[in-house]
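Numbering (the numbering used here), first residue to last: 996 to 1558. Yeah, the Cβ is synthetic: ideal placement off N, Cα and C, and Gly gets one too.
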Amino acid sequence: MAYGYANMEKQRQRLPVYKYRTEILYLVENHATTIIVGETGSGKTTQIPQFLKEAGWAEGGRVIACTQPRRLAVQAVSARVAEEMGVNLGDEVGYTIRFEDHTTSMKLTSDLFQPTFYWKRQAPEGSTHGPKLEPAILSVEGRGFSVKIHYVEEPVSDYIRSVVSTILLINEREPPGDVLVFLTGQDDIETAIKLLAEEAHSNQKNSSGLLPLPLYSGLSRSEQELIFTPTPRGKRKISDIESLVVAPISKASARQRSGRAGRVRPGKCYRLYTEDYFLKQMPGEGIPEMQRSNLVSTVIQLKALGIDNILGFDWPAPPSPQAMIRALEVLYSLQILDDDAKLTSPTGFQVAELPLDPMISKMILASSELGCSDEIITIAAVLSIQSVWVIARGVQKEQDEAKLRFAAAEGDHVTFLNVYKGFLESKKSSQWCYKNFLNYQSMKKVVEIRDQLKRIARRLGITLKSCDGDMEAVRKAVTAGFFANACRLEPHSNGVYKTIRGSEEVYIHPSSVLFRVNPKWVVYQSIVSTERQYMRNVVTINPSWLTEVAPHFYQNRQNAMDL
DNA sequence: AGCGAACTA
């Protein structure tokens, strides 16, 4: 045991960031903000929180918070830090991710620490001492193992096939070691793994010893954790980590990825595009998160922190005025902000408490008055996950038939209630999910999220009440959140809808139970833009509800709504 | 008669 600790301590000291320990602590002491740019493998994520802890920053009830942009990274990093500190995960070192809390004593509002913006430590008004306001910047080099980069000579036509043949080639020619592959999505990951499995059957020489492992958020926790277990001798792991964007990645993220190969020893990186493409066409940097994402939630959080002048806010990467205006419009129409752009009470402050899309939060608040909060919280949980249905290729017909068993004439939201009811009646059976083409992991998540929403709702003074089958109340509550997404069917058209807000042409998504049913009036949850604009998760409404739940939004649009 | 990117609070 003692040997183990000594060994771990030696490992820690070998990390590049260790050399900067004193400097980092000095900067943090003397500057309100310290920015440390650390290359992959520098140890910044696991070590800096420990330096701060050792220097006393966690004393007196204070907490050292560390944010990560991915759930899996949060778990892996906190487990590693707990191990290095020799404590149980959840005691001194814990983590929270949305809908889960793995801390026993940490009391922190995790909402505060979003990766989209950082918070400045301010010196008290008028004080002459205390930390300097201008940020300190420090760069820390990586571990510096060399990574040899290979490019393809010609652009590849079928990138998944190229991935598979590259892996087989590596397996045949390279010394032992694992392979990390970046693919664009769950579908491609499963396809690649299937191709590798087929290869193992038909061509034993090239693919022997391959142990392909998938990694994406739709997997269960234990399936995801498999990638962290040591690889058996003579085997080679292949963990597929999906990339964030399908569009071409930037040079910066390509470099970051190749860095993963050199973390513990020299490595190789195979890029399935040409060097010419990398040098001449690939964009240098990606667009900052701030300028890509929907601002609505960020604006609510700033407002909740008491920052009213968001236009004057010192953004790390300022969003466009149009994006800002759009976010303010949505929040105003949801009555989360008032005429002075201040959070309304109680609605605005309640919405700021909920870790959900504001439209979903508003729907929950409305359900309390409409007497259907029990049903709406189930719907909110389903709308907060990706999909309850399994991704099933080649069994589309069977899946459609299964869906029909739950389909409700009122639309997808009511269908979700039927699905949830069936899952409970099956006693949360995985077999039942399998038979009905439902994703068991997703259904378990729905139950978990629902429990948490129930707790939050209680805190906000909403008591759970069922409307006992009154689906009009349920649809009205959905409308109260999503009225801005109201659409009307174009008369004599074949399923063409126009949004009331902007008269844009939209269609019901083929995965909706209302596809080809085409009711006259609907509201949708979100739009999927492909060849056409498709509405996802659609429910029928009575247009008179629009002026009822959102008079301020619709009173000037009467013309658009007249028949 | 027909879709499909993914991550997060």
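Compute the Euclidean distance between the alpha carbons of residue i and residue j, then round it to the nearest angstrom.
i	j	result
Asp1182	Ile1374	26 Å
Leu1419	Asp1465	20 Å
Ser1437	Glu1393	19 Å
Gln1045	Val1088	10 Å
Gly1125	His1026	8 Å
Leu1455	Gln1345	7 Å
Thr1474	Val1325	14 Å
Leu1022	Val1135	14 Å
Val1072	Lys1143	27 Å
Glu1194	Val1159	9 Å
Thr1342	Glu1095	25 Å
Ser1524	Val1491	15 Å
Lys1039	Thr1098	22 Å
Ser1037	Ser1141	14 Å
Gln1070	Glu1149	39 Å
Asp1333	Leu1300	16 Å
Ala1376	Lys1127	44 Å
Ser1539	Asp1463	23 Å
Phe1452	Val1409	The question names Phe, yet the displayed sequence has Ala at residue 1452. Rounded to whole angstroms, Ala1452 to Val1409 spans 21 Å at the Cα level.
Leu1133	Arg1321	37 Å
Glu1543	Glu1218	48 Å
Glu1220	Cys1482	43 Å
Arg1250	Asp1352	33 Å
Met1003	Glu1079	7 Å
Mind checking who residue i pairs with in its DSSP beta bridge?
i	result
Leu1191	DSSP, once it has assigned bridges, lists no residue as partnering Leu1191.
Arg1531	Ser1521
Phe1273	Answer by DSSP bridge pairing: none, since Phe1273 is not bridged.
Cys1482	Thr1494, Val1517
Phe1510	DSSP, once it has assigned bridges, lists no residue as partnering Phe1510.
Ile1503	Met1530
Tyr1146	Arg1266
His1026	Lys1127
Leu1206	Lys1232
Gly1406	Val1534
Trp1384	Leu1433
Excluding the 5 residues flanking residue i on each side, which residues of the same chain have their C-beta closer than 6 Å to its C-beta?
i	result
Ile1503	Leu1509, Phe1510, Met1530, Val1533
Gly1204	Gly1229, Lys1230, Arg1231
Ser1368	Ser1362, Ile1457, Leu1459, Lys1460
Ala1472	Met1358, Ala1361, Ser1362, Leu1365, Cys1367, Ile1371
Pro1546	none
Pro1261	Phe1140, Ser1141
Lys1115	Its pLDDT being 45, under 50, Lys1115 is placed unreliably in this model, and the coordinates cannot settle the point.
Asp1407	Ser1507, Val1508, Asn1532, Val1533
Could you tell me how far apart the beta carbons of residue i and residue j are, in whole angstroms, since I believe they sit closer than 8 Å?
i	j	result
Gln1528	Glu1500	7 Å
Phe1177	Arg1065	With a Cβ gap of about 13 Å, Phe1177 and Arg1065 do not count as contacting.
Leu1323	Val1294	7 Å
Phe1411	Phe1478	That belief does not hold up - the Cβ atoms of Phe1411 and Phe1478 are roughly 19 Å apart, past 8 Å.
Asp1303	Lys1357	Wrong, their Cβ atoms sit about 21 Å apart, outside the cutoff.
Gly1476	Ile1355	6 Å
Ile1496	Glu1405	Correcting the residue identity first, residue 1496 is Arg in this sequence and not Ile. Actually they are not in contact, since the Cβ atoms of Arg1496 and Glu1405 sit about 22 Å apart, beyond 8 Å.
Pro1130	Thr1029	7 Å
Leu1297	Ala1318	That belief does not hold up - the Cβ atoms of Leu1297 and Ala1318 are roughly 14 Å apart, past 8 Å.
Ser1425	Tyr1435	4 Å
Ala1403	Phe1432	Between Phe1432 and Ala1403 the Cβ distance is about 17 Å, and since that is not below 8 Å, they are no contact.
Determine the DSSP secondary structure at residue i, reduced to helix, strand or coil.
i	result
Leu1267	strand
Val1032	strand
Glu1136	coil
Pro1225	coil
Tyr1211	coil
Gly1089	coil
Glu1095	strand
Ala1131	strand
Ile1233	strand
Leu1365	helix
Pro1546	helix
Leu1163	helix
Val1241	Confidence is the limiting factor: at Val1241 the pLDDT is only 39, short of 50, which leaves the residue's position unreliable and the question unanswerable from this model.
Leu1290	coil
Leu1329	coil
Leu1300	coil
Leu1084	strand
Is any heavy atom of the ligand SAM found at a distance shorter than 7 Å from the C-beta of residue i?
i	result
Gln1447	Among the components modelled here there is no ligand, and therefore nothing to report on the ligand SAM.
Please go through the same chain and pick out, in chain order, the residues whose beta-carbon is closer than 7 Å to the beta-carbon of residue i, but skip the five residues on each side of it.
i	result
Asp1271	none
Asp1309	none
Pro1209	Ile1184, Glu1185, Ile1188, Asp1235
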